[in-house]
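For the sequence shown, this note's numbering assigns the number 402 to the initial residue and increments by one for each residue that follows.
The beta-carbon is built from N, C-alpha and C at its ideal position, and this holds for glycine as well.
Here the structure is a predicted model, which means the values were calculated and not measured.
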Amino acid sequence: MTKNSPRRRFDGKVALITGGNAGIGFAAATAFAGEGARVMIAARRRQEGEQAVAAITAAGGEARFVETDVASADSVRAMVGACVEAYGRLDIAFNNAGITGDVTTLVADADEERFDQVMEINVKGVWLSMKYEIPELLKAGGGAIINCSSVAGLRGGPRSGAYYGSKHAVIGMTKTAALEYATHNIRINAVCPGLIMTDLIATGFAAAPEKLASLTARIPMQRSGQPHEIADAVLWLASSESSFVSGVALPVDGALSAT
Ligand SMILES: NC(=O)c1ccc[n+]([C@@H]2O[C@H](COP(=O)([O-])OP(=O)(O)OC[C@H]3O[C@@H](n4cnc5c(N)ncnc54)[C@H](O)[C@@H]3O)[C@@H](O)[C@H]2O)c1
Numbered sequence: 402m403t404k405n406s407p408r409r410r411f412d413g414k415v416a417l418i419t420g421g422n423a424g425i426g427f428a429a430a431t432a433f434a435g436e437g438a439r440v441m442i443a444a445r446r447r448q449e450g451e452q453a454v455a456a457i458t459a460a461g462g463e464a465r466f467v468e469t470d471v472a473s474a475d476s477v478r479a480m481v482g483a484c485v486e487a488y489g490r491l492d493i494a495f496n497n498a499g500i501t502g503d504v505t506t507l508v509a510d511a512d513e514e515r516f517d518q519v520m521e522i523n524v525k526g527v528w529l530s531m532k533y534e535i536p537e538l539l540k541a542g543g544g545a546i547i548n549c550s551s552v553a554g555l556r557g558g559p560r561s562g563a564y565y566g567s568k569h570a571v572i573g574m575t576k577t578a579a580l581e582y583a584t585h586n587i588r589i590n591a592v593c594p595g596l597i598m599t600d601l602i603a604t605g606f607a608a609a610p611e612k613l614a615s616l617t618a619r620i621p622m623q624r625s626g627q628p629h630e631i632a633d634a635v636l637w638l639a640s641s642e643s644s645f646v647s648g649v650a651l652p653v654d655g656a657l658s659a660t
């Protein structure tokens, strides 16, 4: 940045992004770094994480990677510790890591182990992330958390009971935490992506391509979204432009949740 360049929205800020090595998380990590944030990418796959860091660094941004399993308390505690050790503080967290689980089975036929896995990552992972992030935000004098829910957190949908349940839970935890920290200068919101073309969707719907086609056809804008369209909303929720916004679940979904 030259002396005359405009101030970027996140200069001096530190942003932690779970699942930041792929899809929506990577788009957000790239966007935060592009606007001056020092970024910590936390995810399970080291090689992809290092590639994500290399891509951001090559574009002139600052990023590091910490191998993390958001379903493990020890791992999440270490993730936040690594961020603070590397950058000295935490200002923004995008708790984005998540899986779809089984999208083909009725509630009564769902497998218990797969149900637990979705809940461990999508629900417990978000709770653990907030649990260890909030004390650091308090030390920093405030900050913003954005939890990744989904349009699946706002409505029902057949054959994905664990996923829909998990994303409703993310909104419940988001609203509760927003109330608890409203007077501590910490804003906590959820973003609710609609259908966004990422690996999660490609893998999740590999066994059910007809379901993917019918989902796309139901989107009023008649298209799926791009990861950067979610990143734009996340950056807004993290920025001072949304300073009076907390406890919301913001759909970014081509009007799907309006149907
Ligand atoms: N793509 C969509 O259409 C869509 C729609 C609504 C909500 N979402 C949500 O957006 C988030 C990101 O999804 P995406 O589409 O970018 O998926 P993706 O599969 O491309 O990325 C998911 C990321 O989460 C990470 N992850 C998964 N389990 C983890 C764990 N236990 N610990 C740490 N990291 C873990 C993965 O490594 C990956 O980086 C998810 O929470 C998903 O539910 C996606």
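Subject >> Thr660 to Val485 span [Cα, whole Å] >> reply: 43 Å
Subject >> Distance, Ala608 Cα to Met531 Cα >> reply: 33 Å
Original post:
Where does Gly626 fall in DSSP's three states?
Top reply: strand
Original post:
From Glu513 to Asp503, what distance separates their C-alpha atoms?
Top reply: 11 Å
**OP:** Identify whether Glu436 lies in helix, strand or coil by the three-state DSSP scheme.
**Re:** coil
**OP:** Using the DSSP secondary-structure output, state which residues sit across from Ser561 in a beta bridge.
**Re:** Thr506
Original post:
Do you know offhand how far Glu630's Cα is from Gln623's?
Top reply: Glu630 and Gln623 have their C-alpha atoms spaced approximately 15 Å apart.
Original post:
Just how far apart, CA to CA, sit Ala511 and Ala434?
Top reply: Distance between the alpha carbons of Ala511 and Ala434 is about 40 Å.
**OP:** Under 6 Å Cβ to Cβ from Ile587, same chain only, skipping five residues before and after it: list those, please.
**Re:** Leu538, Gly543 and Gly544
Original post:
Do Leu638 and Val592 come within 8 Å of each other at the CB atom, strictly closer than that value?
Top reply: yes
Subject >> ligand 1 heavy atom lying under 7 Å from the CB of Asn497 >> reply: yes
Original post:
Does the separation of the CB atoms of Leu417 and Glu581 fall below 8 Å?
Top reply: no
Subject >> Residues near Val508 in its chain [Cβ-Cβ closer than 6 Å; skip 5 each side] >> reply: Gly562
Original post:
Between which two residues does the beta strand (DSSP E) containing Ala545 stretch?
Top reply: Segment Gly544 to Cys549, the beta strand (DSSP E) holding Ala545.
**OP:** Would you mind stating whether Thr599 and Gly421 have Cβ atoms separated by less than 8 Å?
**Re:** No, they are not a contact pair.
Subject >> Gln646 (DSSP reduced to helix, strand or coil) >> reply: Rather than Gln, the amino acid found at residue 646 in this sequence is Val. Residue state, collapsed to three classes: coil.
Original post:
Over what stretch of residues does the alpha helix (DSSP H) that includes Ile602 continue unbroken?
Top reply: Residues Asp600 to Gly605.
Original post:
If we call anything under 8 Å between Cβ atoms a contact, is Pro594 one with Asp654?
Top reply: yes
Original post:
Can we count Pro594 as close to ligand 1, meaning its CB is less than 7 Å from some heavy atom?
Top reply: yes
**OP:** Output the boundary residues of the alpha helix (DSSP H) element that contains Leu616.
**Re:** Pro610 to Ala618
Original post:
Among the residues of its own chain, which have a CB less than 6 Å from the CB of Gly450, if the five just before and after it don't count?
Top reply: Asn422, Ile442, Ala444 and Phe466
Original post:
Would a C-beta distance cut-off of 8 Å place Ala498 and Gly526 closer than the cut-off?
Top reply: yes
Subject >> C-beta atoms of Asp492 and Ala460 nearer than 8 Å >> reply: no
Original post:
Regarding Asp551 and ligand 1, is the C-beta to nearest heavy atom distance less than 7 Å?
Top reply: According to the sequence displayed, residue 551 carries Ser and not Asp. For ligand 1, at least one heavy atom lies less than 7 Å from the Cβ of Ser551.
**OP:** Consider the C-beta atom of Gly562 and the heavy atoms of ligand 1; say whether any pair is separated by less than 7 Å.
**Re:** no
Original post:
Tell me which same chain residues have a C-beta within less than 6 Å of the C-beta of Ala432, skipping the five on either side of it?
Top reply: Cβ within range, chain order: Ala632 and Leu636.
Original post:
Taking the continuous beta strand (DSSP E) assigned at Pro594, which residues delimit it?
Top reply: Ile587 to Pro594
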